[in-house]
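Undergrad: Heads up: the sequence lines are chains S, L and C, in that order. Residue numbering for the first sequence follows numbering that gives the first Met the number 0, starting at 0 and increasing by one per position. Residue numbering for the second sequence follows numbering that gives the first Met the number 0, starting at 0 and increasing by one per position. Residue numbering for the third sequence follows numbering that gives the first Met the number 0, starting at 0 and increasing by one per position.
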Amino acid sequence: MSAIKPKIEELISQEYPAGFVTDIESDTLPPGLNEDVIRTISAKKNEPHFLTEWRLDAFRHWQKMTLPHWAHIKYPAIDFQAISYFSAPKKQKQPESLDDVDPELLRTYEKLGIPLEEQKLLAGVAVDAVFDSVSVATTFKDKLAEMGIIFCSFSEAVLKHTELVQRYLGSVVSNRDNFYAALNAAVFSDGSFVYVPKRVRCPMELSTYFRINAALTGQFERTLIIAEERSYVSYLEGCTAPMRDENQLHAAVVELVALDDAQIKYSTVQNWYPGDAEGRGGIYNFVTKRGLCKGNNAKISWTQVETGSAITWKYPSCILKGDNSVGEFYSVALTNNYQQADTGTKMIHVGKNTRSTIISKGISAAQGQNAYRGLVQIHQRADNARNYTQCDSLLIGDRCGAHTFPYIEVRNSTAKVEHEASTSKIGEDQLFYCQQRGLSQEDAVSMIVNGFCKQVFKELPMEFAVEAQKLLGVSLEGSVG
Amino acid sequence: MNAVESYQALYWQLAEQLPGHEVAWVRAMRETALQHFAELGFPTRKQEAWKYTQLQALEKNIYHPTTSQQQFINNDDCQQLPLATLDAYKLVFVDGHFNWILSDINPLPDGVVINELSNILNSQTKQQHPIFPLTQQTDDVLNALNNAFITTGAAINILADVQLEKPIHLQYINTIKNKSASYSRNVVIMEPNSHAQLIESHVALGEGDYVNNVQVDIQLETGAQLQHYKLQLEGQSGMHFSETQVELASDSHYQNHLFAFGSQLMRNNIKTKLNGARAGCLLNGLFISQSKQHLEMRTHIDHHAPSCTSRETYRGIANDKSHGVFDGTVVVHPHAQKSDARVTTNNLLLSQGSEIDAKPQLEIYADDVKCSHGATIGQLDEEVLYYLRSRGIDEATSRNLMLFAFANHIIEQCPMNAFQSALHGLLLKQLQSGDQLQELLK
Amino acid sequence: MNQNSLLQISNLHAEVEGQAILKGIDLTIKAGEVHAIMGPNASGKSTLAHVLAGRPGFEVTQGEIYYQGNDLLSLTTEERARKGLFLAFQYPVEIPGVSNVYLLKAAMNAVRKERGQQELDAMDFLELIRMRMAELGISSELLYRNVNEGFSGGEKKRNEILQMSVLEPQLAILDEIDSGLDIDALKVVANGVNTLRSSERAIVIVTHYQRLLNYIKPDYVHVLSLGRIIKSGGPELAEVLEEKGYGWISQVDDIHHSSSGEIG
Chain S
0 MSAIKPKIEE LISQEYPAGF VTDIESDTLP PGLNEDVIRT ISAKKNEPHF
50 LTEWRLDAFR HWQKMTLPHW AHIKYPAIDF QAISYFSAPK KQKQPESLDD
100 VDPELLRTYE KLGIPLEEQK LLAGVAVDAV FDSVSVATTF KDKLAEMGII
150 FCSFSEAVLK HTELVQRYLG SVVSNRDNFY AALNAAVFSD GSFVYVPKRV
200 RCPMELSTYF RINAALTGQF ERTLIIAEER SYVSYLEGCT APMRDENQLH
250 AAVVELVALD DAQIKYSTVQ NWYPGDAEGR GGIYNFVTKR GLCKGNNAKI
300 SWTQVETGSA ITWKYPSCIL KGDNSVGEFY SVALTNNYQQ ADTGTKMIHV
350 GKNTRSTIIS KGISAAQGQN AYRGLVQIHQ RADNARNYTQ CDSLLIGDRC
400 GAHTFPYIEV RNSTAKVEHE ASTSKIGEDQ LFYCQQRGLS QEDAVSMIVN
450 GFCKQVFKEL PMEFAVEAQK LLGVSLEGSV G
Chain L
0 MNAVESYQAL YWQLAEQLPG HEVAWVRAMR ETALQHFAEL GFPTRKQEAW
50 KYTQLQALEK NIYHPTTSQQ QFINNDDCQQ LPLATLDAYK LVFVDGHFNW
100 ILSDINPLPD GVVINELSNI LNSQTKQQHP IFPLTQQTDD VLNALNNAFI
150 TTGAAINILA DVQLEKPIHL QYINTIKNKS ASYSRNVVIM EPNSHAQLIE
200 SHVALGEGDY VNNVQVDIQL ETGAQLQHYK LQLEGQSGMH FSETQVELAS
250 DSHYQNHLFA FGSQLMRNNI KTKLNGARAG CLLNGLFISQ SKQHLEMRTH
300 IDHHAPSCTS RETYRGIAND KSHGVFDGTV VVHPHAQKSD ARVTTNNLLL
350 SQGSEIDAKP QLEIYADDVK CSHGATIGQL DEEVLYYLRS RGIDEATSRN
400 LMLFAFANHI IEQCPMNAFQ SALHGLLLKQ LQSGDQLQEL LK
Chain C
0 MNQNSLLQIS NLHAEVEGQA ILKGIDLTIK AGEVHAIMGP NASGKSTLAH
50 VLAGRPGFEV TQGEIYYQGN DLLSLTTEER ARKGLFLAFQ YPVEIPGVSN
100 VYLLKAAMNA VRKERGQQEL DAMDFLELIR MRMAELGISS ELLYRNVNEG
150 FSGGEKKRNE ILQMSVLEPQ LAILDEIDSG LDIDALKVVA NGVNTLRSSE
200 RAIVIVTHYQ RLLNYIKPDY VHVLSLGRII KSGGPELAEV LEEKGYGWIS
250 QVDDIHHSSS GEIG
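Okay, structure coming up:
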């Protein structure tokens, strides 16, 4: 068979260690999932009793759940008992130096113009003191703390801000929400926690970039962001270079809570390993992201650029509960080679005068399958609700697929909902024009695709937008000719 | 006994009275369908295709297939019904049974062959009617029930190059009083380069609680053209379940114009397969729902061959506590290059408590395509309303005029003038105080 | 109140979406007069026009309007239209599916009914419309097209004048009827308006530019700024405005405000 074994197979082939290890000092649990494993995870993290119980409740419910099959994706069955649910990142096999790293990956970093030290970090090379992400993070943390903003790892929040965690954890995505969210609730390893107090405008973009070590634990990441009345926060997730990752299955959960007049802007650039050109390997990314506009005039805005992963299954959603609240979803999803994406959003209008906008751009190349799936639901009491949706798909090559699955449900006679979708192939005349002006075919494609995505890129924070554009070019390599 | 078992028992009880009961292949077909029905069972809302339709009524009450026409109706009654006076070759079915006295198909021109279905089912001589696709299985529980209990329908064959000038009108009249069901199936074969118009109308005399389950299979051979018009004006307590399956060979063209105003529950399915190059279809529809009606229009178009075109426009107006659904899928299969598909649905919610759901879906596996869909759900444009009022037209009339214009967009796309004007009249009846408009529109 | 006046506006305050736009307008118009209301952008000119026509969402918070001796504000939009108040829209609305001829017929029947006149029969109606269309240089093909749908800017404006000439209003308000018109179209429109001038009828021209007033001579000119009439005069006022621009007015405006402040 192939030279590169799928990761799950590798996990299955691991030898089962003798006996069940409960040693709290140990960094890795053997594969398998049962209540003892969950108790152990919770104990290792010194979690309070409520959280242990919450995890167990999720697990018990998860056992009764079945894998969702409605998405337009195909993948082999996952053996959840073959996965190890606690594995400290530093014990993972790491390359000694850049010489050990896949040269293909390094070439990409060069194209993106990433400094050498960062390259090491991204590739998972043990980092020396030169680039100290911890100290960088600490510097910012002090500054934020002065304003009352809490920005720390989820584990730290559980211990230091227990009351906040207890109040909001699971308040948007319950521990029984769906198969992968329940699994996450049972076994989540770590993640980020953000709390912005009343009337505070967070002065900088908060980013997991500065906690890159924590991000490496990201198999079952959990993020919780709370924006108090009249506060504002912009959060960036991910990194703009292909990250080396040992985990095949990712099942993250993100919960956002915006109170009266608060605003949360959440931007993601997801570029996990997509698998090779033959479709071997790659990350399965099953993510539940949801924001609750709990207060009046609250606003939650999701922007995502999804170019990585073998499978992407995510629907960053907004529950517009507060009157006059606003939800936004801007998305670029690119599938090349054998990548599959089923992504979109849900806009649930509950409050009066709520408004939502959905702009989705899907690009399919080679054998890639790209689906937009979205729900716009206007509840009976949501007077004067408004939604505008635009989904465009671009096809590059005749073996890929582009699909649009909108669900529009309107139960209020003062609501206005508008949906537009189009699918077309990349314009041959545009390509020819660019090439006639001296651009290579690859550059021409990249330029046209970037133009196609412009509406979404302009929603990204500046420095992110530039890198996202470059990234799109890299991800499209080999898609034409 | 659960509902599925009850319908099974009903079959065995009635088997000897159904047409073709002495013919082996017919019995086999029915029993296979019954078996399939049992396997499928009644759907739940968790099933994607049944997200919005509820079939509980069929489970709560067991609807007996009618074994004969329920009430006598004479020609005068029949003439009063909508579209009855259109000049057409008319086949009349009452309560799931062909009524030859009310029908009028003589003389049929050369090149047109029409058979009544129970004759085909009863004919011992033929192993299987050559044009009969009845044995096809679908995963639709209503289709399976139809196959098991089928009693009547028309089998129409238009021979090559025949251009039929008068339309063929299949008139379905339901006089059923209570808890009965009629099952019919029509087959239309259009041979190469033939042209025809088909009208299907469903009306009720009386206010019975009944099920009308109608299947239509249409096959268009190379270059054939069919315009298919359908009026659904079932009684207020009636249920209308329909599936129309169309297969198109190269250069053929199919049009379907659906007007749905009646029934408490309608599920109207149209499945179109564009199998040959340059084939095309136009599917249009209009529903106006009141009280607690649930009207669901479903379409599925498969682009299997290159250079095919499909156009769909569905409009809906929901009043009171009614519920309208549009669920339309277009699939462009690999190699169906140069496919051109456009789906549009526009809907108006006129009162609090009404609901509209729209699911326009595209699945595309070829790259050189032009596909798009658009959906709107909203109200009458306030700007337009103000403009009309500022010209002295009162608010109620202004609204009516706008509703008329909104609905007329679908009517005016019907190429048959006589059908158009009949529909204008029916539309005005659907609008509150639409008679005021009538004056204006003269 | 003045018995001779056709329209009398006193201390009119109005707001749109909670924002005060008109802040105390006083204006009296008699039959036979032509008034021009001028002013810079956002001065409230169009708001005044729409308040008179009864646009939903334009809320009168203070003041009174009498039209033909009756309380205008108690009438619905269509009642005002039937009593002869006509507004030519700056942006005529497109109405999909409703043909021009339907609209004209429906509007005319409504107005004639109010006046106790018989409905015109189809032949007379068409004859009248065709005649008016010819006068205004409108292609008769537009009659069967949907209202304003796909019309050019000039066609839309001419269509407004056509409706006006057919409906024969008592008070015609023309909201920026000159915007977007070339000189030839402007002359046609002005000519259409001039033929309607009569001793029984009043015309209010709302405009930003003086240009139109070269072709339709007003009897009075009013300058509107920030929701108030800050200056009124004869036709010569328009010429001064043309020469000096609205900047000149804002100085007058300051003086006006400070002086009224002292009195107030």
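Every residue gets a Cβ at the ideal spot worked out from N, C-alpha and C, and that includes glycine.
With a cut-off of 9 Å, does the C-beta of L:ASN346 fall near any C-beta of chain S?
TA: At least one chain S Cβ lies under 9 Å of L:ASN346.
Undergrad: Check the C-beta distance from S:ALA251 over to S:PRO273 and give it rounded, since I have them as a contact under 8 Å.
TA: Not a contact, Cβ separation roughly 17 Å.
Undergrad: Do you know offhand how far L:LEU9's Cα is from L:ARG184's?
TA: Taking the straight line from one Cα to the other gives about 20 Å.
Undergrad: Enumerate in chain order the residues of its own chain whose CB-to-CB distance from L:GLN7 is below 7 Å, with the five nearest sequence positions on each side excluded.
TA: Cβ neighbours of L:GLN7 beyond the five flanking positions: LEU33 and ALA37.
Undergrad: Give me the chain L residues within the contact set of S:SER39, using Cβ-Cβ distance strictly less than 7 Å, ordered along the chain.
TA: For the sequence presented, residue 39 of chain S should be read as Thr rather than Ser. Those do not exist, as S:THR39 stays about 36 Å from chain L at its closest Cβ, beyond 7 Å.
Undergrad: Counting contacts by CB-CB distance shorter than 9 Å, is L:PHE286 in contact with chain C?
TA: Taking Cβ atoms only, chain C never reaches closer than 9 Å to L:PHE286, which makes this a no.
Undergrad: On the three-state DSSP scale, how would you describe S:LYS351?
TA: Coil.
Undergrad: Roughly how many whole angstroms lie between the Cα atoms of L:TYR385 and C:PHE57?
TA: Whole-angstrom Cα-Cα distance: 12 Å.
Undergrad: I'd like to know whether the C-beta atoms of S:VAL253 and S:ALA297 end up nearer to each other than 9 Å.
TA: It is not a contact, given that the beta carbons lie outside the stated cut-off.
Undergrad: State the Cα-Cα distance for the pair L:HIS256 and L:LEU285, rounded to the nearest angstrom.
TA: The straight-line gap from Cα to Cα measures roughly 8 Å.
Undergrad: Which residues in chain L sit within 7 Å of C:THR76, going by Cβ to Cβ distance?
TA: Here the neighbours are TYR385, ARG388 and SER389.
Undergrad: Once you ignore the five residues that flank C:THR76 on each side, which residues in its own chain have a CB closer than 6 Å to its CB?
TA: Same-chain partners within the cutoff: GLY53.
Undergrad: In chain C, which residues lie with their C-beta within 8 Å of the C-beta of L:LEU349?
TA: Residues of chain C passing the Cβ test: none, with the nearest at roughly 17 Å.
Undergrad: I'd like to know whether the C-beta of C:GLY244 is nearer than 9 Å to at least one C-beta of chain L.
TA: Chain L contact via Cβ: absent.
Undergrad: Is it right to say L:ASN453 is buried, meaning 16 or more other beta carbons lie within 10 angstroms of its own, or is it exposed?
TA: There is simply no residue 453 of chain L to check, as chain L begins at 0 and stops at 441 in what is shown.
Undergrad: Does any CB atom of chain L fall closer than 9 Å to the CB of S:LYS89?
TA: Unreliable positioning characterises S:LYS89 in this predicted model, as indicated by a pLDDT of 44, which lies under 50. A coordinate reading is not provided.
Undergrad: Output the distance between the C-alpha atoms of C:GLN7 and L:ASP380, rounded to the nearest integer angstrom.
TA: C-alpha separation (whole angstroms): 32 Å.
Undergrad: Using C-beta distances below 6 Å, list every residue in its chain close to S:GLY472, excluding the 5 sequence neighbours before and after it, in chain order.
TA: SER445.
Undergrad: Using DSSP's beta-bridge definition, name the partner residues of L:VAL215.
TA: Paired residues: L:ASN185 and L:THR243.
Undergrad: Can you list, in chain order, the residues of its chain with a C-beta nearer than 6 Å to that of L:ALA324? Leave out the 5 residues immediately preceding and following it.
TA: Residue 324 of chain L is actually Val in this sequence, not Ala. Once the five neighbours on either side are set aside, the close Cβ partners of L:VAL324 are TYR51, GLU295 and ASP356.
Undergrad: Report the rounded CA-to-CA distance for C:ARG210 versus S:CYS317, giving the unit in angstroms.
TA: Going by the C-alpha atoms only, they are around 53 Å apart.
Undergrad: Would you please verify whether the beta carbon of C:TYR65 is less than 9 Å from any beta carbon of chain L?
TA: Judged by the 9 Å Cβ criterion, C:TYR65 is not in contact with chain L.
Undergrad: Is it true that the segment 347 to 365 of chain S meets the segment 317 to 334 of chain L, where meeting means three or more beta-carbon pairs spaced less than 8 Å apart?
TA: Counting Cβ pairs under 8 Å, fewer than three are found: no touch.
Undergrad: I'd like the span of the beta strand (DSSP E) that includes L:ALA304, first residue to last.
TA: From DSSP, L:ALA304 is part of no beta strand (DSSP E); its letter is neither H nor E.
Undergrad: What's the gap between the Cα of L:SER463 and the Cα of L:ASN318?
TA: Residue 463 of chain L lies beyond the stretch modelled for chain L, which goes from 0 to 441, so this question has no answer here.
Undergrad: At least one CB of chain L closer than 9 Å to the CB of C:TYR143: is that the case?
TA: Chain L, which has no Cβ nearer than 9 Å to the Cβ of C:TYR143, makes this no.
Undergrad: Would you decide whether L:PHE418 is buried or exposed? Buried here means 16 or more other CB atoms lie within 10 Å of its CB.
TA: Under this definition L:PHE418 is a buried residue.
Undergrad: L:THR174: buried (16+ other C-beta within 10 angstroms of its C-beta) or exposed?
TA: With 16 or more other Cβ atoms within 10 Å, it is buried.
Undergrad: Using a Cβ-Cβ cut-off of less than 9 Å, list which residues of the segment 64 to 81 of chain S approach chain L; keep chain order.
TA: Going along the segment 64 to 81 of chain S in chain order, one finds TRP69 and HIS71 with a Cβ nearer than 9 Å to chain L.
Undergrad: What are the start and end residues of each continuous alpha helix (DSSP H) run of 4 or more residues lying completely inside the segment 82 to 153 of chain L, in chain order?
TA: With a minimum length of 4 residues, the continuous alpha helix (DSSP H) runs that stay inside the segment 82 to 153 of chain L are 116 to 121 and 140 to 148.
Undergrad: What does C:ILE228 touch in chain L if you count any residue whose Cβ is under 9 Å from its own?
TA: Simply none; closest approach about 24 Å.
Undergrad: In three-state DSSP terms, what is L:THR65?
TA: DSSP places L:THR65 in coil when its eight states are reduced to three.
Undergrad: Apply the 10 Å Cβ neighbour rule to S:TRP69 and answer buried if 16 or more other Cβ atoms are within range, or exposed otherwise.
TA: By the 10 Å Cβ count, S:TRP69 comes out exposed.
Undergrad: When the cut-off is 9 Å and only beta carbons count, does L:LYS358 lie next to chain S?
TA: By this cut-off, L:LYS358 is an interface position.
Undergrad: Among S:LEU438, S:ARG436 and S:ASN369, whose alpha-carbon lies nearest the alpha-carbon of S:PHE404?
TA: Out of S:LEU438, S:ARG436 and S:ASN369, S:ASN369 has the C-alpha closest to the C-alpha of S:PHE404.
Undergrad: With burial defined as no fewer than 16 other Cβ atoms inside 10 Å of the residue's Cβ, what is the status of C:ILE182: buried or exposed?
TA: Per the 10 Å Cβ criterion, exposed.
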